[in-house]
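Residue numbers (my numbering), protein chains in the order written: chain L, 622 to 734; chain D, 622 to 734.
Notes for the one structure printed next.
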């Protein structure tokens, strides 16, 4: 038995100045981009070398079990890092499976037996 | 004076079978992908002809005023449709400015004078 839930929207920015990117997004969304209120999804800005995009994080108390569950749904593992796993959905979007990040876990998470 | 807030994560899918895509994402995230609980961001699946990606929606009670505000932050208008406006952030991500979608507006939104 393990739990998981959608936990973050990551705004990946191909830029040399991630602080400037964070300023734009914080003002555009009218909120801190990191940290955020506990009842909302986390919104984070990060500098990347690939093209700019947005991606989702799924948090879980059992990363191997959650990755296995997502594989049975058709997702593929792209890379296993020490603290998270990068996966690709059948529809092509990349997303990450990460450790628990937000308050209220596992009460407000999905339970998978 | 107008209000706005981040309202949705849109999972754009380049696929001929958007129902199958919706099934994957609903099971992966353990939640309905549309509609959603009122206290959470909306997660929607839509079929697109461009590459699959994820994008953000910002909801507002005054689309022209919000678009003008975002332009002063450096965002550009890509297309003005009848019901929403597609914009591009300085960091390259596309996002949409839309009419109010979620409950709790404008109490829980940002106010711009």
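Every residue gets a Cβ at the ideal spot worked out from N, C-alpha and C, and that includes glycine.
One or two residues paired with residue i in a DSSP bridge
{"i": "residue 666 of chain D", "result": "D/632"}
{"i": "residue 738 of chain D", "result": "With chain D covering 622 to 734 only, the question about residue 738 of chain D has no answer from this structure."}
{"i": "residue 731 of chain D", "result": "D/625"}
Residues that residue i contacts on chain L, provided the C-beta gap is smaller than 9 Å
{"i": "residue 635 of chain D", "result": "712, 713"}
{"i": "residue 630 of chain D", "result": "627, 630, 662, 675, 677"}
Beta-carbon proximity list for residue i, same chain, < 7 Å, skipping 5 on both sides
{"i": "residue 638 of chain L", "result": "none"}
{"i": "residue 683 of chain D", "result": "623"}
{"i": "residue 630 of chain L", "result": "662, 664, 675, 677"}
Contacts of residue i in chain L (Cβ-Cβ under 8 Å)
{"i": "residue 725 of chain D", "result": "What residue 725 of chain D touches in chain L: nothing, since even the nearest Cβ is about 11 Å away."}
{"i": "residue 696 of chain D", "result": "645, 649"}
Short CB-CB distance (under 8 Å) between residue i and chain D
{"i": "residue 642 of chain L", "result": "yes"}
Proximal residues to residue i (C-beta, below 6 Å), its chain only, five neighbours per side dropped
{"i": "residue 723 of chain D", "result": "628"}
Contacts around residue i, its chain only, beta-carbon distance under 8 Å, and the 5 residues preceding and following it disregarded
{"i": "residue 726 of chain D", "result": "624, 626, 680, 682"}
{"i": "residue 646 of chain L", "result": "632, 654, 664, 666"}
Worksheet item: For the region 645-679 of chain L, which residues have a CB atom closer than 8 Å to at least one CB atom of chain D, in sequence order?
Response: 645, 646, 648, 649, 650, 651, 652, 660, 661, 662, 664, 672, 673, 674, 675, 676, 677, 679
Worksheet item: Listed from N- to C-terminal order along the chain, which residues in the region 700-718 of chain D have their beta-carbon within a distance smaller than 7 Å of any beta-carbon of chain L?
Response: 710, 711, 712, 713, 714
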